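Here the structure comes first, spelled out in structure tokens, and everything after it is commentary.
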Amino acid sequence: MDEISLIRPDDWHLHLRDSPFLEAVVGDSARQFARAIVMPNLVPPVRSCADALAYRERILAALPPASRFEPLMTLYLTDNTRVDEIRAASESAHVYGAKLYPAGATTNSDAGVTDLERLDAVFDAMQKHGLVLQVHGEATEPGIDVFDREKVFIERSLERIRNDFPALRIVFEHVTTRDAVDYVLAADANLAATITPHHLLINRNAMFAGGLRPHHFCLPVAKREEHRQALVAAATGGDPRFFAGTDSAPHSRAAKESACGCAGIYSAHSAIELYAEAFELAGDFEQFEAFMSRHGADYYGLPHNRERIRISRRDWQLPDSLPCPDGELVPFRAGDRLRWKLDADG
Ligand code: NCD
Ligand code: ZN
């Protein structure tokens, strides 16, 4: 098999930032994907529907000419999010969810939620209005080992939210552990999860291979090999609750290669090829189109894209860096060779 044709995929978890970064990166996603759930962790965050609609306009204005890429917007939940904002979001044609960042969990999460119980009225409104909750599932209490944060979040928070709001539709974003995969598999159809290309391809050793590798640092941090294998099994296994979400998160080289480097891996540039590499290594493309192009749309109640793309088995080399406003951007697997290439037309 040297060519695969599939429905054009969507990216169910993406960071596009704002101008001038936005202009530097949005073309990469638009070349690969038809739609993307756009994360709201700008500074200041996207807190209201008005913010989300204004951000959407900035994204559309930054797109390459003739691009039909569709940004699907989300709100950023804070301690002060009001129930009427949730109702307005559920009525908006462009807002597809609200993102829960536990305060301090990751990049630009300072305005996130400090005490989940304060959001009960918001969760209740989301459940009632059918607005999806996107969750950064990591516990942030300082005593918790960084590699255990996802597991502890399941035990201390996610289980409670699901019990108290059984009709709430939740996407457990960028899962990184066997614990998370098993938890989703044991849950009902309201709980789904995104999986990134980098968590399918690297384990935590990649951060320390021959020295400290800041371009492999993201949050949630990559885990042990057994967890990576569980993610690969989930992605290739055909269960409709798992779908692609790159979590492509651009930071300049200077911000990454620093004494206190930012968390985030940039993969939008070659996202589909990276996912294809992971499926190839697993030796199983059977569920590739379902994972890339159908499961997410089905979960969000959106039609499958009509356009198709083609990827071909063609060795190519990723660039060492890409231009960006603060210098350059080092993409995931910079300088490495990949085996699959997205063709210009399907
Ligand atoms: C993301 C970012 O840079 O915005 N970073 C990351 O490591 N994934 C935030 C996030 O999704 O956690
Ligand atoms: Zn993210």
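According to the numbering used here, the sequence shown holds residues 8 to 353 in order. Even for Gly, the Cβ is constructed at its ideal location relative to N, Cα and C. These numbers were taken from a predicted model, which means no experiment stands behind them.
In the three-state reduction of the DSSP assignment, residue 249 falls in the strand class, which pools E and B.
Per DSSP, the continuous alpha helix (DSSP H) segment holding residue 260 begins and ends at 260-263. For the region 276-331, the full-length alpha helix (DSSP H) segments reaching 4 residues or more read 278-289 and 302-307 along the chain. Put simply, the backbone Cα of residue 222 is about 18 angstroms away from that of residue 231. Here DSSP, grouped into helix, strand and coil, assigns residue 148 to coil. The ligand ZN has no heavy atom closer than 7 angstroms to the beta-carbon of residue 270. Note that the region 64-76 does not touch the region 104-122; fewer than 3 beta-carbon pairs, one per stretch, sit closer than 8 angstroms.
Using a 10 angstroms sphere on the CB of residue 124, the tally of other CB atoms stays under 16, which defines it as exposed. As the crow flies, the alpha-carbon of residue 183 is around 23 angstroms from that of residue 170.
Remark: three or more beta-carbon pairs, one from each stretch, lie closer than 8 angstroms, so the region 81-96 and the region 134-146 are flagged as touching.
Between the alpha carbons of residue 302 and residue 152 lies a distance of about 32 angstroms. DSSP places residue 182 in the coil class of the three-state scheme, outside both helix and strand. Here the region 183-197 makes no contact with the region 28-37; the two share fewer than three CB pairs at distances below 8 angstroms.
The ligand ZN has no heavy atom closer than 7 angstroms to the beta-carbon of residue 258.
The beta carbons of residue 260 and residue 325 sit no closer together than 8 angstroms. The alpha-carbon separation between residue 180 and residue 157 amounts to approximately 11 angstroms.
Counted as a single uninterrupted DSSP element, the beta strand (DSSP E) harbouring residue 13 occupies residues 10-14.
In this structure, residue 252 and residue 297 do not form a Cβ contact; the two beta carbons are roughly 15 angstroms apart against a cut-off of 8 angstroms. Contact annotation: residue 249 and residue 237 have beta-carbon atoms that are not nearer than 8 angstroms. Under DSSP, residue 159 takes part in no beta bridge, so it has no partner.
Measuring C-alpha to C-alpha distances from residue 268 to each of 295, 176, 53 and 258 identifies 258 as the nearest. For the pair residue 292 and residue 286, the Cα-to-Cα distance works out to about 6 angstroms.
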